[in-house]
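Every letter in the sequence shown is one number past the one before it in my numbering, and letter 237, counting from 1, is 224. Note that the Cβ used here is the ideal one computed from N, Cα and C, for glycine as well. Contents: one structure, followed by commentary.
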Amino acid sequence: MTSSVKAITRDLAALGVRAGGVLLVHTSFRAVRPVEGGPLGLIEALRNALGEAGTLVMPTMTDGETVFDPRSTPTSDMGITAETFWRQAGVVRSTHPGGSFAAIGPQAEAICAPQPLEPPHGLESPPGRVFAQGGQVLLLGVGHSESTTLHVAEAIARVPYFVRHPCVVEEGGVAREIMIAETDHCCRGFAHMDDWLRARGLQREGRVGQAQARLCASRDIVDVAMEHLARDPFVFLCGRGEGCAECEIAWRSAGR
Ligand SMILES: [Zn+2]
């Protein structure tokens, strides 16, 4: 039953992962396993599918409760694959104190280059650069609710809601807490993307190991999301009065 590295590599190629391309991966290892070699085997398969000329990117976000050190701060809720990935030799990690990403391959340095604190996932951020470079987004055992690329679309569309989260940074050798504004909410509304992308044939779906996988061009995700945001800037929020505390905060931030 255990998927070999070779079988996972084959699944990824069959799904449409482009050799030589840039690939942003959000994954739940629990959904993919069992995999030969565990998370290391999955990373090996992803790198095999991309080849030497390809660049693999994963989110390595942190809780912001201590000063961020890209060489030592563990990820928060990013899963064992991303936590294993950033610690590997040759992997570059970006320096945003809450919203870091890790990458390996020819575009890794460019994708992980310094970025503004706000917004964490704007055009000038790792997922924004994956978008700009024409990369692909792979959701492996997770849905669009986990996808940072939709925050890129929200940033470009300048949605009227935001939430400030505390984050510890070091300034002049002193640790202090700052507030970072981001377009946050419960993100369950991002799941609409499945229907919107499927209707246009812009989402490839299949099995990778045991997981349900979705693969899209980052540009298609952003374009389709922006079309809907242009019609209704609140399209991704739960409705008012639906009892979603996180979306209520977002609604209030927009003065609604
Ligand atoms: Zn909500």
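Could you tell me which residues DSSP pairs with residue i in its beta bridges?
i	result
Phe88	Pro46
Met195	The residue asked about is misnamed: residue 195 is Val in this sequence, not Met. Paired residue(s): Ala198.
Cys203	Val124
Thr14	Leu127
Val22	Ser(-10)
Arg244	Only positions -12 to 243 of the chain appear in the structure, and residue 244 is not among them; the question remains open.
Arg243	According to DSSP, which records beta bridges pairwise, Arg243 is partnered with nothing at all.
Arg80	Ala89
Val9	Thr42
By alpha-carbon positions, which one of the options ends up nearest to residue i?
i	options	result
His152	Thr47, Ala178 and Glu105	Glu105
Phe177	Ile165, Tyr148 and Thr136	Thr136
Phe118	Trp238, Asp(-2), Asp207 and Ala0	Asp207
Ala36	Thr47, Glu192 and Thr(-4)	Thr(-4)
Gly92	Ala232, Cys174, Cys154 and Leu43	Leu43
Arg175	Val78, Gly130, Gly8 and Val54	Gly130
Ala204	Ser59, Val156, Phe55 and Glu192	Glu192
Ala6	Gly122, Ser132 and Ile236	Gly122
With a threshold of 7 angstroms (Cβ to nearest heavy atom), would residue i be considered close to ligand 1?
i	result
Arg246	What is shown of the chain runs -12 to 243, which leaves residue 246 out entirely.
Leu216	no
Please classify residue i as buried or exposed, where buried requires at least 16 neighbouring CB atoms within 10 angstroms.
i	result
Thr(-11)	exposed
Thr82	exposed
Glu96	exposed
Ala76	exposed
Val(-8)	buried
Met166	exposed
Arg34	buried
Does residue i have its Cβ less than 8 angstroms from a Cβ in chain B?
i	result
Val155	Absent from the structure: chain B. Only one protein chain is present.
- In chain order, each alpha helix (DSSP H) run of at least 4 residues that lies wholly inside the segment 109 to 176: 113 to 119 and 136 to 144
- List in chain order the residues whose CB is within less than 5 angstroms of at least one heavy atom of ligand 2. The model on display carries ligand 1 but not ligand 2.
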